[in-house]
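Chemist:
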Amino acid sequence: MSLEPLLKGLTEPQKEAVTHAHGPLLVLAGPGSGKTRVITHRTAYLARTVTEPRHILALTFTNKAANEMAERIRHLAVEPGVTCCTFHSLCARLLRTYAGRAGLTPNFSIFDQADQTAAMKQAIGRCELSTDNYPPAKMLEAVSQAKNDMVLPEGYEAYAKDWSARSIIPIYEAYQKVLAEQNALDFDDLLLKMAYLLGDDAELRDRLQDQYRFVLVDEYQDTNHAQYLIARGLALDHENLCVTGDPDQSIYGWRGANIHNILEFEEDFPKAKIVRLEKNYRSTPQILAAADAVIRHNRKRKHKELWTDNGSGPPVHVIEADDAQQEAALVAETIVEHIEGGGKYDDVAVFYRINALSRLIEEALRKRHIPYQVARGVSFFQRKEVKDALAYLRLAANPKDRVSFLRIVNVPTRGIGDTTVERIIERADEAGLSPLEILTDPSGLKVSAHTGERIAWFVGLIGEIVRIAADENVTAAVRHAILHSGLRASWSQAKDDDAARNADELIADAAEYDRDHPEGGSLVDWLQQVSLMSEVDSVDSEMGAVTLMTLHAAKGLEFDRVLIIGVEDGMLPYRRHEDSEADMEEERRLCFVGMTRARQSLTLTSARFRMLRGRGSRSARSVFLAELPREQVDWLALPSERATGDNRGYDEEAAEAMAAKYADWQCGRLVRHEDYGLGQILWLRPAGRGACAGIRFKNDGSERTFVLEQAAAKLQVVEYDDSGWDS
DNA sequence: GTAATTCCTATTTTT
DNA sequence: TAGGAATTAC
Ligand SMILES: Nc1ncnc2c1ncn2[C@@H]1O[C@H](COP(=O)(O)OP(=O)(O)OP(=O)(O)O)[C@@H](O)[C@H]1O
Numbered sequence: 015m016s017l018e019p020l021l022k023g024l025t026e027p028q029k030e031a032v033t034h035a036h037g038p039l040l041v042l043a044g045p046g047s048g049k050t051r052v053i054t055h056r057t058a059y060l061a062r063t064v065t066e067p068r069h070i071l072a073l074t075f076t077n078k079a080a081n082e083m084a085e086r087i088r089h090l091a092v093e094p095g096v097t098c099c100t101f102h103s104l105c106a107r108l109l110r111t112y113a114g115r116a117g118l119t120p121n122f123s124i125f126d127q128a129d130q131t132a133a134m135k136q137a138i139g140r141c142e143l144s145t146d147n148y149p150p151a152k153m154l155e156a157v158s159q160a161k162n163d164m165v166l167p168e169g170y171e172a173y174a175k176d177w178s179a180r181s182i183i184p185i186y187e188a189y190q191k192v193l194a195e196q197n198a199l200d201f202d203d204l205l206l207k208m209a210y211l212l213g214d215d216a217e218l219r220d221r222l223q224d225q226y227r228f229v230l231v232d233e234y235q236d237t238n239h240a241q242y243l244i245a246r247g248l249a250l251d252h253e254n255l256c257v258t259g260d261p262d263q264s265i266y267g268w269r270g271a272n273i274h275n276i277l278e279f280e281e282d283f284p285k286a287k288i289v290r291l292e293k294n295y296r297s298t299p300q301i302l303a304a305a306d307a308v309i310r311h312n313r314k315r316k317h318k319e320l321w322t323d324n325g326s327g328p329p330v331h332v333i334e335a336d337d338a339q340q341e342a343a344l345v346a347e348t349i350v351e352h353i354e355g356g357g358k359y360d361d362v363a364v365f366y367r368i369n370a371l372s373r374l375i376e377e378a379l380r381k382r383h384i385p386y387q388v389a390r391g392v393s394f395f396q397r398k399e400v401k402d403a404l405a406y407l408r409l410a411a412n413p414k415d416r417v418s419f420l421r422i423v424n425v426p427t428r429g430i431g432d433t434t435v436e437r438i439i440e441r442a443d444e445a446g447l448s449p450l451e452i453l454t455d456p457s458g459l460k461v462s463a464h465t466g467e468r469i470a471w472f473v474g475l476i477g478e479i480v481r482i483a484a485d486e487n488v489t490a491a492v493r494h495a496i497l498h499s500g501l502r503a504s505w506s507q508a509k510d511d512d513a514a515r516n517a518d519e520l521i522a523d524a525a526e527y528d529r530d531h532p533e534g535g536s537l538v539d540w541l542q543q544v545s546l547m548s549e550v551d552s553v554d555s556e557m558g559a560v561t562l563m564t565l566h567a568a569k570g571l572e573f574d575r576v577l578i579i580g581v582e583d584g585m586l587p588y589r590r591h592e593d594s595e596a597d598m599e600e601e602r603r604l605c606f607v608g609m610t611r612a613r614q615s616l617t618l619t620s621a622r623f624r625m626l627r628g629r630g631s632r633s634a635r636s637v638f639l640a641e642l643p644r645e646q647v648d649w650l651a652l653p654s655e656r657a658t659g660d661n662r663g664y665d666e667e668a669a670e671a672m673a674a675k676y677a678d679w680q681c682g683r684l685v686r687h688e689d690y691g692l693g694q695i696l697w698l699r700p701a702g703r704g705a706c707a708g709i710r711f712k713n714d715g716s717e718r719t720f721v722l723e724q725a726a727a728k729l730q731v732v733e734y735d736d737s738g739w740d741s
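Using this note's numbering, read the first sequence as starting at 15 and increasing by one per residue.
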């Protein structure tokens, strides 16, 4: 196969990026402009001209994206050998291969959220602190943030913003110790350890640079500092690093993603070539115009032109429903009409800001017999029964995994109760051994003969799993764990059919793994794959079903018809508490990402009233709806059936009037207040018949809230000043 | 040591 | 509202 077809379907700038083989390259472009396509074709091009497949590393944001890319690369007549995966799986693989250099053993466990919480509780306990004053979730958040910034406990003092933040140093230290003792890493450790290893071990760095002579990173705007160091470390000398991304689609700031990685790429790599793609191949002009109108309201951005040749489509739809049930029914109705018009279920996706919103939609779809799939890859593996089954396997793979041990020593109940477990743990801590090692030789444990028997049986079971995993395959080990642990029996006794079904699904997953890895597969590797699963991985775009997922999970995907639900003030933009403020710019980018997934038709819906957290709440119109180009949008505001008169935020005329009156008021704009001086608008939101604004003042750095109608006399907008990024 | 009950709280987004 | 955690009864 010649190179011809590889380059044929590309525009000039795309071709430029694909064929610019050596040196740093930044592809900076808006949605649907073919960034992922460039990465794919470039990989194929490199593999077939200047290097071999095994010397190419392509990093993606999700496993699904990695698999799809691998598939497309194959279709471009490239021999196998390209490494195509996420940062996390790359690091996990390398850390296993070079475990010794990183001070690990190759069978380390990877701790997910629940495991991390368990480990954190242990750590807090060891510090003799209470989880009341030091909530594990909060502690983990702080630790994760530090790790994303490559800060170790030793460096935390300088990193901590204030005195009180330092109080977590001993907890952070203890947490790391707890993980190390169990031969476990959390998600962030995978990146952090790899980044440090690359920085410290020049020999390894050279070796890896020689292995990966060309590095490509998609969705670069959402990489964190550790990922940045890894990418840079792998390309330090050859500088064959190609990154693509769109600052307007950075939506993981809350997880430590650093938008400056992409903004400062040129400074990091002065020799960088920059390619901009401005033509959108995905969406209709109507969708692009609407998305652009919204994202324009972000002040901290550089505008990018985006145009399309695509034919005109229907106007963007807005549906303002009375309540969430009605909204869900209308979504279902829209989908039914789509099918009656000859469309397919596959073409349709429903996005929402938080997972909880999927429920009503699911109900409505079921009522109309609409097939659907929910992107919930991860939560399957977080189900109690699945985690229980996995704990047996993880313990078999890594006997030091105390979290897994504690999870299932007595699940299902087998007569190894709290007192016995306490004694085991005590002994383990004294002897510096793992609980399982203590049980292997329980002579020093003062337990009854009966308990001793149970213990011996348990140790035997784990041993069997180890043997089966080594001699047979993963499927057999999983099946053995579920069957012989008594888990299956306990579920059928409790008539828990769901649990049994999920266990079967787990076995099926293992079977698929065994099929895909006729050789070279292992329990450790399967467990790793399971741990690093991403949310969208389970989505099948050809299964004849409507797809439901969060806006975050939608990144990088595309659908003919997109519906975004819950576009209400407080939901999108999301506000956690009534009085907290959303990161408006990131919320707006999230909305933008969702909108730009649509090829043909885009519908935004909202509900004036919805039940949430067990109580009802009313909400005002989202600013993002107000930012849409009114004249180009087909707007349907359903009349309120509730004659309470209590939907102030939705008073049409008031909203219109407010929009006109405060047209100049936008986030990021500078304002002057008679008393406080110069300030910047941090956020705006409708309130009653007017608007509320949060403003940070330059003089004293204070943040104050104003009701605009009341403050109008003292507060005014400073004339337009495009101060861009540094404002 | 186990099972049942109540209570009680936490719910953004995810690798 | 729903899930887990703690408390209570057996
Ligand atoms: N030169 C081209 N000719 C025809 N179609 C193209 C071309 N480039 C891209 N496309 C199509 O446009 C769509 C979007 O491409 P792609 O997913 O690569 O964009 P992207 O920039 O990565 O998007 P996003 O940032 O929104 O995820 C895809 O369906 C792709 O096939």
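Each residue gets a CB set at the ideal place from its N, CA and C atoms; glycine is no exception.
Which of the three DSSP states, helix, strand or coil, is assigned to GLY659?
Modeler: Within the first sequence, the letter at position 645 stands for residue 659. Residue confidence is low: GLY659 scores 41 on pLDDT, short of 50, so the model does not pin down where it sits. Its coordinate-derived value is still stated next. GLY659 falls in the coil class under three-state DSSP.
Chemist: Write down the C-beta distance between ALA286 and LEU39 rounded to the nearest angstrom, noting that I regard them as a contact closer than 8 angstroms.
Modeler: One-based indexing of the first sequence puts residue 286 at position 272. One-based indexing of the first sequence puts residue 39 at position 25. Right, the Cβ-Cβ distance comes to about 7 angstroms (below 8 angstroms), so this counts as a contact.
Chemist: Any heavy atom of ligand 1 within a distance shorter than 7 angstroms of the CB on TYR295?
Modeler: As a position in the first sequence, residue 295 is number 281, starting the count at 1. Checking the Cβ of TYR295 against ligand 1 gives yes.
Chemist: Within the present structure, is the beta-carbon of GLN28 separated from the nearest heavy atom of ligand 1 by less than 7 angstroms?
Modeler: Residue 28 sits at position 14 when you count from the first residue of the first sequence. Checking every heavy atom of ligand 1 against the Cβ of GLN28, one is found closer than 7 angstroms.
Chemist: Which residue wins for smallest C-alpha separation from ALA271, given the options THR617, GLU600, GLY628 and ARG611?
Modeler: Numbered from 1 along the first sequence, position 257 holds the residue referred to as residue 271. Measuring from the Cα of ALA271, the nearest candidate turns out to be GLU600.
Chemist: Cutting at 8 angstroms between CB atoms, please list the residues of its own chain near GLY659, excluding the five before and the five after it.
Modeler: Here residue 659 refers to the residue found at position 645 when the first sequence is read from its first residue. Residue confidence is low: GLY659 scores 41 on pLDDT, short of 50, so the model does not pin down where it sits. Its coordinate-derived value is still stated next. For GLY659, where only same-chain residues beyond five positions count, there are no Cβ hits under 8 angstroms.
Chemist: For the pair the stretch 408 to 422 and the stretch 192 to 200, tell me if three or more CB-CB distances fall below 8 angstroms.
Modeler: Touching, per the Cβ criterion.
Chemist: Would you check if there are 3 or more beta carbon pairs closer than 8 angstroms linking the stretch 366 to 386 to the stretch 547 to 554?
Modeler: Touching, no, given that fewer than three Cβ pairs across the two stretches are closer than 8 angstroms.
Chemist: Beta carbon of LEU379: closer than 7 angstroms to some heavy atom of ligand 1?
Modeler: Counting from 1 along the first sequence, the entry for residue 379 is found at position 365. Every heavy atom of ligand 1 is 7 angstroms or more from the Cβ of LEU379, so no.
Chemist: Would you give the residue range spanned by the beta strand (DSSP E) that GLN387 belongs to?
Modeler: In the first sequence, the residue the question calls residue 387 occupies position 373. Element bounds for GLN387: 386 to 388.
Chemist: Residues bridged to LYS293 by DSSP?
Modeler: Translated into positions along the first sequence, residue 293 becomes position 279. Looking at the DSSP assignment, LYS293 forms a beta bridge with TRP321.
Chemist: At a cut-off of 7 angstroms, would you count ALA43 as near ligand 1, judging by its Cβ distance to the nearest heavy atom?
Modeler: One-based indexing of the first sequence puts residue 43 at position 29. The answer is yes for ALA43.
Chemist: Touching or not, the stretch 393 to 411 and the stretch 457 to 472, by the rule of three or more beta carbon pairs under 8 angstroms?
Modeler: Result no; under three Cβ-Cβ pairs closer than 8 angstroms.
Chemist: Alpha carbon to alpha carbon, how far is ALA776 from PRO261?
Modeler: Limits of the chain in this structure are 15 at one end and 741 at the other, which puts residue 776 out of reach.
Chemist: How far does the beta strand (DSSP E) with VAL335 in it reach, from first residue to last?
Modeler: By 1-based counting over the first sequence, the position of residue 335 is 321. Sequence check: residue 335 is Ala here, not Val. Segment 330 to 337, the beta strand (DSSP E) holding ALA335.
Chemist: Specify the secondary structure class of GLU582 as computed by DSSP and reduced to three states.
Modeler: To locate residue 582, count along the first sequence from 1; it is residue 568. GLU582 falls in the strand class under three-state DSSP.
Chemist: Threshold first: 3 residues or longer. Then list the beta strand (DSSP E) segments lying entirely within the stretch 87 to 166, N to C.
Modeler: Listed in chain order, the complete beta strand (DSSP E) runs (minimum 3 residues) inside the stretch 87 to 166 are 97 to 100 and 123 to 125.
Chemist: Determine which residues share a DSSP beta bridge with THR564 and list them.
Modeler: Taking the first residue of the first sequence as 1, we reach residue 564 at position 550. Answer is TYR366.
Chemist: Let's test the definition: count the other Cβ atoms within 10 Å of the Cβ of THR63 and tell me whether it reaches 16, buried, or not, exposed.
Modeler: Locating residue 63 in the first sequence gives position 49, where the first residue counts as 1. THR63 is exposed by the Cβ-count criterion.
Chemist: According to the Cβ coordinates, are THR97 and ASP232 closer than 8 angstroms?
Modeler: Along the first sequence, one-based indexing puts residue 97 at 83. Along the first sequence, one-based indexing puts residue 232 at 218. Not closer than 8 angstroms, so no.
Chemist: Among the residues of its own chain, which have a CB less than 8 angstroms from the CB of TRP268, if the five just before and after it don't count?
Modeler: Position 254 of the first sequence, counting from 1, holds the residue named residue 268. Cβ within range, chain order: ASP597 and GLU600.
Chemist: Distance, Cα to Cα, ASP432 vs GLU519?
Modeler: Along the first sequence, one-based indexing puts residue 432 at 418. Along the first sequence, one-based indexing puts residue 519 at 505. Computed Cα separation, rounded: 31 angstroms.
Chemist: Which of the three DSSP states is assigned to SER372 in this structure?
Modeler: Mapped onto the first sequence, residue 372 falls at position 358. Helix at SER372.
Chemist: Classify GLN196 as helix, strand or coil using the three-state DSSP reduction.
Modeler: Mapped onto the first sequence, residue 196 falls at position 182. The answer is coil: DSSP assigns GLN196 none of H, G, I, E or B.
Chemist: Please list, in chain order, all residues of the same chain as ARG14 whose beta carbon is under 7 angstroms from its beta carbon, the five residues on each side excluded.
Modeler: The structure shown does not extend to residue 14, since the chain is modelled only from 15 to 741, so the question has no answer here.
Chemist: To which residues of the same chain is PRO149 closer than 6 angstroms at the C-beta, ignoring the five residues directly before and after it?
Modeler: Locating residue 149 in the first sequence gives position 135, counting from the first residue. Here the set comprises nothing.
Chemist: On the CB-based measure, 16 or more other CB atoms within 10 Å of its CB, does ASN412 come out buried or exposed?
Modeler: Numbered from 1 along the first sequence, position 398 holds the residue referred to as residue 412. ASN412 comes out buried.
Chemist: For LEU154, I'd like the list of residues in its chain whose CB is within less than 6 angstroms of its CB, leaving aside the five on either flank, ordered along the chain.
Modeler: For the purposes of this step, residue 154 is taken as residue 140 along the first sequence, with counting starting at 1. Only GLN130 and MET134 meet the Cβ criterion.
Chemist: Candidates LEU565, LEU104 and ALA634: which alpha carbon is nearest ALA370's?
Modeler: Mapped onto the first sequence, residue 370 falls at position 356. Among LEU565, LEU104 and ALA634, the Cα nearest to that of ALA370 is on LEU565.
Chemist: Indicate whether ALA198 and PHE122 have their beta-carbon atoms separated by less than 8 angstroms.
Modeler: Residue mapping note: residue 198 aligns to position 184 of the first sequence, counting from 1. Residue mapping note: residue 122 aligns to position 108 of the first sequence, counting from 1. A contact, by the Cβ cut-off of 8 angstroms.
Chemist: Taking 7 angstroms as the cut-off, is the beta-carbon of THR348 closer than that to any non-hydrogen atom of ligand 3?
Modeler: As for ligand 3, it is missing from this structure, which binds only ligand 1.
Chemist: Helix, strand or coil for SER506, going by three-state DSSP, please let me know.
Modeler: Position 492 of the first sequence holds residue 506. Three-state result, SER506: helix.
Chemist: Please state the DSSP three-state secondary structure of VAL685.
Modeler: In the first sequence, counting from the first residue as 1, residue 685 sits at position 671. Strand.
Chemist: Along the alpha helix (DSSP H) that carries ILE53, what are the first and last residues, could you check?
Modeler: By one-based count along the first sequence, residue 53 stands at place 39. Counting along the chain, the alpha helix (DSSP H) containing ILE53 begins and ends at 49 to 62.
Chemist: Using the Cβ count rule (16 or more neighbours within 10 Å means buried), how would you classify SER47?
Modeler: As a first step, residue 47 must be located in the first sequence, where it is residue number 33. It counts as buried.
Chemist: List, from N- to C-terminal side, the beta strand (DSSP E) runs of 3 residues or more that fit wholly inside the stretch 176 to 220.
Modeler: Counting only runs of 3 or more, we get 198 to 200.
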